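Q:
Residue numbers (my numbering): 107 to 222.
1. Secondary structure at residue 152, three-state DSSP: helix, strand or coil?
2. Under the rule that 16 or more other beta-carbon atoms within 10 Å means buried, what is residue 183, buried or exposed?
3. I'd like to know if the segment 200-212 and the segment 164-181 are in contact, where contact means that at least 3 CB-CB pairs between them fall below 8 Å.
4. Using DSSP with H/G/I as helix, E/B as strand and the rest coil, what is residue 209?
5. From residue 190 to residue 175, what distance separates their C-alpha atoms?
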């Protein structure tokens with residue numbers, strides 16, 4: 107068997123084994139309506155964040171704002187940045203960044219609250 111015959115046999119084997127690849131766009135792309143729903147949810151959360159300025163929530167103000175910040179972050183990275191459909195490695199990377207940002211934010215807030 108020559109090298110050409112072997113290559114042809116290997117190519118033939120892979121052609122027989124391979125199926126038509128699924129339409130990636132159909133699998134990973136959601137409808138426009140889903141994006142509109144996510145945008146509405148983000149607008150409602152943003153309105154709630156703005157409302158915390160006008161409504162006295164007392165000691166719950168900062169935890170509420172941080173929770174809303176995390177919810178918006180998760181919605182944006184999962185849907186608009188398509189991490190919901192990507193490798194879990196990318197999701198872990200963004201979650202690690204979020205965790206570091208929250209820790210730094212809380213440290214700075216505590217500095218102004220307790221050490222000023």
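We put the beta carbon where it would ideally sit given N, CA and C, even for glycine. Computed from a prediction, not measured in an experiment: that's the story for all the values here.
A: This is what the structure holds:
1. Position 46 of the chain shown holds residue 152. Residue 152 falls in the helix class under three-state DSSP.
2. For the purposes of this step, residue 183 is identified with residue 77 of the chain shown, where counting begins at 1. Label assigned to residue 183: buried.
3. Yes, since at least three Cβ pairs between the segment 200-212 and the segment 164-181 fall closer than 8 Å, the two stretches touch.
4. Translated into the one-based positions of the chain shown, residue 209 becomes position 103. Of the three classes helix, strand and coil, the one that applies to residue 209 here is helix, per DSSP.
5. Numbered from 1 along the chain shown, position 84 holds the residue referred to as residue 190. Numbered from 1 along the chain shown, position 69 holds the residue referred to as residue 175. When only Cα atoms are considered, residue 190 and residue 175 end up about 19 Å apart.
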